[in-house]
Amino acid sequence: MSEEGREFVFADPSKCIGCGLCELACVIEKEKNLDATKSRIKVVHLGPLANMAVTCRLCESAPCVRACPRDALWQDEKGIIRVDDEKCDVCGWCVEACPYGAIVLDTERATVLICDLCDGEPKCMEFCPTEALFWATEEEASKMLPASLSQIRSEIKRVVELGAWNLLFARAMDVAGKVEEKLKALARRAEELRVVVAA
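For any residue, its number in our numbering is found by taking its place in the sequence shown, counting from 1, and adding 57.
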């Protein structure tokens, strides 16, 4: 399958509120703890009201794989980057090579962490309160990103010029309710998985 056809988890900046629940959902599922530094998805704040979650885009050229001096990374038939923990020495070359900042060093376990799409059922998507995360190809993502950022600029301009702050507050109240709902669901999932909470 070509890179253009591979689907990865993409965030629409016009919907992402930067709450970080995707990061939390990831570490609860993958690490069974609440240490968001070990999340395979990262929230990036692009500017006022512009946030975006970033994860592996399954690049066909896989610069991370090519950069690894120990052959600890390889790309499977679905495009997912796999890690051989025995070979990885956390040198960080793959982190430097990734154009999206989607690889995390785990110095405690001496390996790197990369999104594996949760076997096709990403927990980050499931727990996103604004449904900002969805499947996209590289072509779809590259078209959507500029359009979403333009939409955000237009919305900010409209609110400021019209003084329509009530629209912003109404949206915030609606989103707050959705965040609370997803947090409760995430807490139940953490309980099911017996997530370790550091003292």
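Quick reminder that beta carbons are idealized off the backbone N, C-alpha and C, glycines included.
Environment of residue i [buried if 16+ CB atoms lie within 10 Å]
i	result
W150	buried
V217	exposed
T112	buried
S205	buried
K180	buried
L170	buried
M58	For M58, the predicted structure reports a pLDDT of 48, less than 50, and the residue's modelled location is therefore unreliable. The matter cannot be settled from this model.
S211	exposed
K241	exposed
L174	buried
L78	buried
F226	exposed
Residue i: CB within 7 Å of a non-hydrogen atom of the ligand NAP
i	result
L78	Looking at this structure, you won't find the ligand NAP or any other ligand, since it has none at all.
Bridge partner(s) assigned by DSSP for residue i
i	result
M109	V101
D163	T168
L130	V140
W192	V66
V122	In DSSP, V122 forms no bridge with anything.
V253	N90
Contacts around residue i, its chain only, beta-carbon distance under 8 Å, and the 5 residues preceding and following it disregarded
i	result
D213	Residue 213 is actually Ile in this sequence, not Asp. The residues are P105, L106.
I85	L91, K180, L243, R246, A247, L250, V252
A154	P120, C121, R123, A124
Cβ shell of residue i (< 7 Å), same chain only, five flanking positions each side left out
i	result
I74	N108, T187, V232
K95	V84, E88, V161, D163, L170
E237	none
H102	G75, N108
S71	S205, Q208, I209
Close Cβ partners of residue i (< 6 Å) along its chain, the five nearest in sequence each way excluded
i	result
M182	L190
A198	F67
V115	Contrary to the premise, residue 115 reads as Leu rather than Val in this sequence. For L115, where only same-chain residues beyond five positions count, the Cβ hits under 6 Å are R63, F65, G136.
K235	P186
Anticipated Cβ contact below 8 Å, residue i with residue j, distance rounded
i	j	result
T164	V140	Contact flag wrong, Cβ pair sits at about 14 Å.
V122	I137	Between I137 and V122 the Cβ distance is about 11 Å, and since that is not below 8 Å, they are no contact.
V152	I160	5 Å
C172	R97	4 Å
A221	R215	6 Å
V100	E80	6 Å
- Query: Taking only runs of the beta strand (DSSP E) that begin and end inside the stretch 214-239, which ones reach a length of at least 3 residues, in chain order?
  - Reply: none
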